[in-house]
Amino acid sequence: FTGTLDASSLLEKVEVVTSSAHYEPFRVLIIDDSRAQATHTERVLNNAGIVTRTLIDPINALNALAEFQPDLIILDMYMPDCIGTELAKVIRQHERYVSVPIIYLSAEDDLDKQLDAMSEGGDDFLTKPIKPSHLIATVRTRAERARNLKAHIVRDSLTGLFNHTHTLQLLEDARLRARRDNQPLSFAMLDIDHFKKVNDEYGHPMGDRVIKSLALFLKQRLRKTDQIGRYGGEEFAVVLPDTDAASAAKVLDEIRRRFAEIRYPAQPQDLLCTFSCGIVELSADADVKTLTQRADEALYRAKRGGRNCVEC
Ligand code: GH3
Ligand code: MG
Ligand code: MG
Ligand code: MG
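If you want UniProt numbering, it's the position in the sequence shown, counting the first as 1, plus 218.
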């Protein structure tokens with residue numbers, strides 16, 4: 219487009235973007251020391267279009283969870299090195315897995331023991347042998363509900379972007395992947411300039427409108443593989459995999475330039491807004507904390523350097 223852009227054309231599309239449903243197959247992690255039992259469960263679920271991974275040795279459960287990111291866990295009760303309930307308790311201690319359903323699948327038919335197991339972090343108890351249709355239906359309904367819930371938990375309600383906590387989790391995931399694949403990774407922090415003045419002079423609803431439109435603008439212009447979060451009130455964060463700092467700066471500077479052209483209709487005169495941006499590229503020594511600190515320092519330099527600019 220050329221010249222200035224009216225904000226209203228952008229805002230109409232916000233709802234569509236935030237309610238995008240996903241049709242990815244459900245992912246189920248099966249933890250069972252019996253290879254035969256696990257293979258049977260896998261076969262039943264795979265035939266129903268459900269993706270599975272099996273873990274015979276529960277010692278590796280946390281790694282498998284981080285890597286596979288299941289929608290649901292099917293857990294055996296009795297294994298040589300640990301009992302299922304203990305493992306469920308450990309899994310539940312991790313914030314990012316609190317809402318992943320855990321379903322026990324065991325020959326244990328003592329109701330008291332089943333109820334004990336449920337109180338230790340399980341969501342359901344299925345007794346072997348189980349009809350395939352029963353297993354499939356249980357997995358589907360539980361996984362679906364958990365997914366819908368998670369989609370809400372990780373997002374910010376005003377913009378539909380990822381919230382602060384989840385953005386940092388995505389940054390950590392991306393950091394580990396970049397390390398493993400030996401690829402660059404950039405992290406950008408954006409902050410709208412003089413935003414207090416927007417609220418003071420145009421009112422809070424106009425402030426919200428600007429936040430929403432920047433969210434949509436970022437979604438429209440960044441790659442699908444880039445992860446965008448609302449980091450704070452009028453602060454945004456972007457994780458850019460496979461992107462070095464120079465390329466990230468180029469993209470974000472283009473977005474900065476275009477965003478500054480958006481005209482928000484108002485009286486006595488239309489509003490124009492800008493943002494400042496700080497970018498950091500993953501280096502050998504950096505963890506998530508150093509990445510966010512360095513991005514914040516770069517953002518501070520952008521602010522001190524006069525705002526409406528991008529700093530690396
Ligand atoms: P600077 O250029 O230095 O960033 O100036 P600033 O005014 O943007 O600085 P600051 O970060 O101190 O102000 C942010 C303001 O954003 C303060 C707060 O009232 C406002 N704000 C935070 N969250 C929201 C929100 O959800 N909606 C609206 N309308 N305003 C918000
Ligand atoms: Mg067993
Ligand atoms: Mg701020
Ligand atoms: Mg600000």
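We put the CB at the ideal spot given by N, CA and C, even for glycine.
Looking at the secondary structure, which residues open and close the beta strand (DSSP E) in which residue i lies?
i: T492; result: Note, T492: premise wrong, no beta strand (DSSP E); not H, not E.
i: residue 531; result: Since the first residue shown for the chain is 219 and the last is 530, residue 531 is missing from the structure and cannot be characterised.
i: L386; result: Unbroken run through L386 is the alpha helix (DSSP H), H382 to D399; no beta strand (DSSP E).
i: R310; result: No beta strand (DSSP E) contains R310, which is instead part of the alpha helix (DSSP H) from G302 to R310.
i: A406; result: L403 to I410
i: Y322; result: I320 to S324
i: D342; result: D342 to T345
i: V506; result: Careful: V506 lies outside any beta strand (DSSP E), inside the alpha helix (DSSP H) at V506 to R522.
i: P459; result: E453 to P459
i: V246; result: R245 to I249
i: Y296; result: Looking at the DSSP string, Y296 is not in any beta strand (DSSP E), and its letter there is neither H nor E.
Given that a residue counts as buried once 16 or more other Cβ atoms are within 10 Å of its Cβ, and exposed if not, what is residue i?
i: Q445; result: buried
i: residue 531; result: Residue 531 lies beyond the residue range present for the chain, which begins at 219 and ends at 530; the question has no answer from this structure.
i: L333; result: exposed
i: E230; result: Because the pLDDT of E230 is 49, which lies under 50, any placement of that residue in the model is unreliable, and the number read from its coordinates should be weighed accordingly. Exposed: under 16 other Cβ atoms inside 10 Å.
i: I371; result: exposed
i: Y241; result: exposed
i: T259; result: buried
i: A433; result: buried
i: E362; result: exposed
i: T257; result: exposed
i: L367; result: exposed
i: T359; result: exposed
i: A239; result: Its pLDDT being 47, under 50, A239 is placed unreliably in this model, and the value from its coordinates should be taken loosely. Looking at its Cβ environment, which holds fewer than 16 other Cβ atoms inside 10 Å, A239 is exposed.
i: D330; result: exposed
i: A502; result: exposed
i: A355; result: exposed
i: S337; result: exposed
i: K307; result: exposed
i: A254; result: exposed
Output needed for residue i: all residues of its chain with C-beta closer than 6 Å, excluding positions within five of it in sequence on either side, in chain order.
i: E529; result: G496, A516, R519 and A520
i: residue 188; result: What is shown of the chain runs 219 to 530, which leaves residue 188 out entirely.
i: M297; result: D251 and P276
i: residue 536; result: Past the boundaries of the shown model lies residue 536; the chain is included only from 219 to 530, so the question cannot be answered.
i: Q511; result: none
i: G451; result: none
i: residue 532; result: For residue 532 there is no data in the structure shown, the boundaries of the chain being 219 and 530.
i: H352; result: none
i: L509; result: F405 and V498
Relative to the alpha-carbon of residue i, which residue among the options has its alpha-carbon at the smallest distance?
i: Y322; options: D328, T345, R310 and V316; result: T345
i: D411; options: V246, G524 and D289; result: G524
i: A484; options: V457, Y420 and I473; result: Y420
i: S431; options: T461, L403 and C491; result: C491
i: D391; options: E242, L458 and E479; result: L458
i: A464; options: L403, T508 and T257; result: L403
i: L470; options: V456, A335, G340 and I301; result: V456
i: R522; options: K442, K507, S494 and E472; result: S494
i: D409; options: P423, N400 and E453; result: E453
i: C300; options: Q287, A279, F286 and L283; result: A279
What residue range is occupied by the uninterrupted alpha helix (DSSP H) comprising residue i?
i: R439; result: H422 to R439
i: T259; result: R253 to N265
i: F477; result: A463 to F477
i: T377; result: Where T377 is concerned, there is no enclosing alpha helix (DSSP H), given that its DSSP letter is neither H nor E.
i: V269; result: No alpha helix (DSSP H) holds V269; the beta strand (DSSP E) holding it covers V269 to L273.
i: L283; result: A279 to F286
i: A335; result: L329 to S337
Can you give me the Cβ contacts of residue i inside the same chain, cut-off strictly under 8 Å, excluding the 5 residues immediately before and after it?
i: D462; result: P402, S404 and E499
i: D514; result: M407 and G496
i: V506; result: L386, L389, E390 and R393
i: N526; result: D411, R474, A478, T492, F493 and S494
Tell me which residues share the same chain as residue i and place their Cβ nearer than 7 Å to its Cβ, disregarding the 5 neighbours each side in the sequence.
i: A364; result: D289, L290, S317, V318 and P319
i: D327; result: T345
i: N381; result: V372, R373, D374, G447 and R448
i: P243; result: G267, I268 and V269
i: G425; result: F413, V416 and N417
i: M295; result: I301, G302, Y322, S324, E326 and A335
Three CB pairs or more closer than 8 Å across the region 311 to 319 and the region 258 to 273: Output reads no: the region 258 to 273 does not touch the region 311 to 319.
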